[in-house]
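Remarks on the structure that follows.
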Amino acid sequence: MQHYKMTIDGQGVDAEDKFAVINPAKGQHFATCALATLTHVDLAVKSARDAFPAWSQLQDSERQHLMHEIGQMLEANMPELTQLITQETGKPLNGLNGVGANMELMGSIGWSHVTADITLPVEVIQDNEEAYVQAYRKPLGVVASITPWNWPLMIAIWHVIAALRVGNTVVIKPSENSPLSTARFVELANQILPAGVLNVVTGFGDLGQALVSHDDVNKVVFTGSTETGKKIMASASGNLKRLTLELGGNDAAIVLPDVDVKAVAPQLFGAAFHNNGQTCACLKRLYVHEDIYDAICQELVVLANQVKVGDGLDNDTQLGPLQNEAQLQQVIALSASVESSEGRILAGGNRIDREGYFFEPTIVVDMKNGDALVEQEQFGPILPVIKFTDAEHGLELANDSLNGLGGSVWSANAEIATELAQRLECGTAWVNSHGDVQPDAPFGGVKQSGVGVEFGRYGLEECTSLHTLKVKKG
Ligand code: NAD
406 MQHYKMTIDG QGVDAEDKFA VINPAKGQHF ATCALATLTH VDLAVKSARD AFPAWSQLQD
466 SERQHLMHEI GQMLEANMPE LTQLITQETG KPLNGLNGVG ANMELMGSIG WSHVTADITL
526 PVEVIQDNEE AYVQAYRKPL GVVASITPWN WPLMIAIWHV IAALRVGNTV VIKPSENSPL
586 STARFVELAN QILPAGVLNV VTGFGDLGQA LVSHDDVNKV VFTGSTETGK KIMASASGNL
646 KRLTLELGGN DAAIVLPDVD VKAVAPQLFG AAFHNNGQTC ACLKRLYVHE DIYDAICQEL
706 VVLANQVKVG DGLDNDTQLG PLQNEAQLQQ VIALSASVES SEGRILAGGN RIDREGYFFE
766 PTIVVDMKNG DALVEQEQFG PILPVIKFTD AEHGLELAND SLNGLGGSVW SANAEIATEL
826 AQRLECGTAW VNSHGDVQPD APFGGVKQSG VGVEFGRYGL EECTSLHTLK VKKG
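Using the numbering used here, read the sequence shown as starting at 406 and increasing by one per residue.
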């Protein structure tokens with residue numbers, strides 16, 4: 406059975422203990438990973454700290470060049486990394502609408518190259534006979550990155566490339582549920598980067614907590630649940646670390662009565678069910694106008710019954726298993742909670758009788774705000790559909806949430822939809838699509854879905870501090 410080590414200060418580092426990594430399509434472990442101790446955390450932070458002066462003083466163009474090299478390295482290692490992602494997450498190689506492990510690699514490559522090319526300009530505020538004043542950006546120091554299990558490599562790339570690009574050094578701790586693609590990525594990246602610039606420690610939440618409370622870490626970038634995000638905010642307060650928190654979403658879509666039902670239903674289905682619903686910005690609450698409610702529900706049921714669920718290593722699988730047993734149990738509990746509501750399950754509703762953590766793609770209609778399945782982020786293949794009477798009513802229901810990651814409005818009239826979308830209480834609002842992020846546009850949550858943004862110029866700025874220089878003249 407293959408064993409994966411950590412990388413600290415440019416070296417492969419093993420631990421005395423190890424933990425098993427499970428393939429969720431089988432429910433059995435297929436690899437092991439080093440279980441770091443607190444000493445490893447200290448060593449990794451020290452190595453990142455020691456590497457910081459030289460890395461931060463490199464020419465910007467040199468760091469750009471190295472980020473492009475990482476993009477090329479990912480491309481050269483695509484087959485190995487996609488296979489690893491499918492084994493550790495259950496995500497299909499190809500997947501529904503092409504959303505799968507191959508896309509995760511393509512996204513990781515694209516994000517590396519686009520981020521490499523973004524620069525943060527110096528702003529000259531005053532330049533006259535009295536003074537020269539400029540505002541400019543400096544790296545923060547050591548960045549701790551903590552990632553979730555759903556898009557392990559892509560989210561690692563989002564954190565790492567932005568932080569390194571502008572001159573920080575990094576210690577990353579991937580999720581204990583899917584640590585392998587990150588461990589391998591960091592090992593490969595260390596063939597390109599100077600020793601200590603990028604380190605990985607592997608283990609559970611206690612290790613993450615040690616890292617985010619470490620006195621020699623300057624910033625934490627975290628993607629994961631809102632509950633853990635709150636703990637991280639508290640742990641990071643000791644030395645006032647900078648924070649970017651990308652937390653849970655409970656995204657609403659509002660479907661207006663003028664849509665072409667047959668054309669829109671597959672898009673809504675894809676937005677809700679890709680990666681088996683286990684994406685932060687999946688569509689998780691579907692609000693449909695009463696005039697087309699039955700027609701949309703009917704189409705969704707057909708799609709749920711047709712979609713091919715199976716082992717992600719099979720090329721034609723569209724949806725895989727839930728990534729872990731706890732997530733499966735959460736979906737089972739939410740499905741059972743429908744009994745105590747007025748909702749009706751029109752497709753699915755049950756665990757699939759086979760090895761692994763499979764659950765039927767499930768459509769639940771006649772749900773209401775306040776029902777558990779509407780209030781909580783399901784993070785699985787079960788979609789509540791809620792009826793509304795007019796656009797303002799739809800908007801009110803959509804905004805009635807503690808979360809605010811993404812949201813969308815669907816209509817044949819883009820102008821009306823845009824006006825409504827701008828009033829959605831979320832970080833990103835889409836019109837006639839949902840969840841499509843891009844490396845040059847900011848992405849982040851409002852309300853309890855996060856603090857700060859990633860991507861593009863705005864994301865890079867969050868990996869820096871803003872400084873002012875004033876040179877008196879005359
Ligand atoms: P999680 O919060 O359980 O774990 C995420 C990471 O935090 C893991 O590496 C874990 O080991 C670590 N961790 C746990 N306790 C910690 C602590 N006290 N201190 C420091 N680190 C700790 O999340 P998950 O179950 O892995 O991921 C699913 C969640 O992530 C969902 O809520 C989803 O919406 C969210 N998510 C958000 C985004 C986004 O961009 N907003 C993207 C993907 C996933």
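C-beta atoms are modelled at their ideal positions from N, C-alpha and C, and glycine is treated no differently.
Across which residues does DSSP place residue i in a beta bridge pair?
i, result
"residue 690", "657"
"residue 436", "407, 426"
"residue 651", "628, 855"
"residue 815", "660"
"residue 413", "416"
"residue 529", "539"
"residue 872", "541"
"residue 603", "575"
"residue 834", "812"
"residue 877", "536"
"residue 848", "859"
"residue 669", "DSSP, once it has assigned bridges, lists no residue as partnering residue 669."
"residue 548", "575, 624"
Would you decide whether residue i is buried or exposed? Buried here means 16 or more other CB atoms lie within 10 Å of its CB.
i, result
"residue 867", "buried"
"residue 508", "buried"
"residue 938", "Nothing about residue 938 can be reported from this structure: the residues present for the chain run from 406 to 879 only."
"residue 681", "buried"
"residue 872", "exposed"
"residue 734", "exposed"
"residue 406", "exposed"
"residue 877", "exposed"
"residue 776", "buried"
"residue 740", "buried"
"residue 530", "exposed"
"residue 748", "buried"
"residue 679", "buried"
"residue 658", "buried"
"residue 766", "buried"
"residue 782", "buried"
"residue 619", "buried"
"residue 581", "buried"
Any heavy atom of the ligand NAD inside 8 Å of the beta-carbon of residue i?
i, result
"residue 568", "no"
"residue 685", "yes"
"residue 553", "yes"
"residue 810", "yes"
"residue 627", "yes"
"residue 848", "yes"
"residue 579", "yes"
"residue 633", "yes"
"residue 556", "yes"
"residue 739", "no"
"residue 531", "no"
"residue 582", "yes"
"residue 477", "no"
"residue 861", "no"
"residue 432", "no"
"residue 651", "yes"
"residue 523", "no"
"residue 640", "yes"
"residue 562", "no"
"residue 612", "yes"
"residue 616", "yes"
"residue 855", "yes"
"residue 590", "no"
Taking 9 Å as the CB-CB cut-off, is residue i touching chain B?
i, result
"residue 676", "Absence of chain B from the displayed structure is noted, only one protein chain being present."
Segments assigned alpha helix (DSSP H), at least 4 residues, entirely inside the stretch 550-596: 557-570, 585-594
Stretch-stretch touch, CB-based, cutoff 8 Å, three pairs: the stretch 639-655 with the stretch 463-476: no
Length at least 4, wholly inside the stretch 714-799: the alpha helix (DSSP H) runs in chain order: 730-742, 777-780
Touching by the beta-carbon criterion (3+ pairs, under 8 Å), the stretch 805-816 and the stretch 708-724: no
Secondary structure, alpha helix (DSSP H): runs of 4+ residues fully inside the stretch 442-512: 443-462, 465-481, 483-494
Inter-stretch contact at 8 Å, needing at least 3 Cβ pairs: the stretch 685-695 / the stretch 781-791: yes
Given 8 Å, three or more beta-carbon pairs between the stretch 621-637 and the stretch 758-778: Short answer: they don't touch.
Stretch-stretch touch, CB-based, cutoff 8 Å, three pairs: the stretch 494-501 with the stretch 823-843: no
Segment contact, 8 Å Cβ cut-off, at least three pairs: the stretch 853-860 with the stretch 694-713: At 8 Å Cβ cutoff, the stretches do not touch.
Given 8 Å, three or more beta-carbon pairs between the stretch 538-550 and the stretch 574-589: yes
Three or more C-beta pairs below 8 Å linking the stretch 474-488 and the stretch 420-431: no
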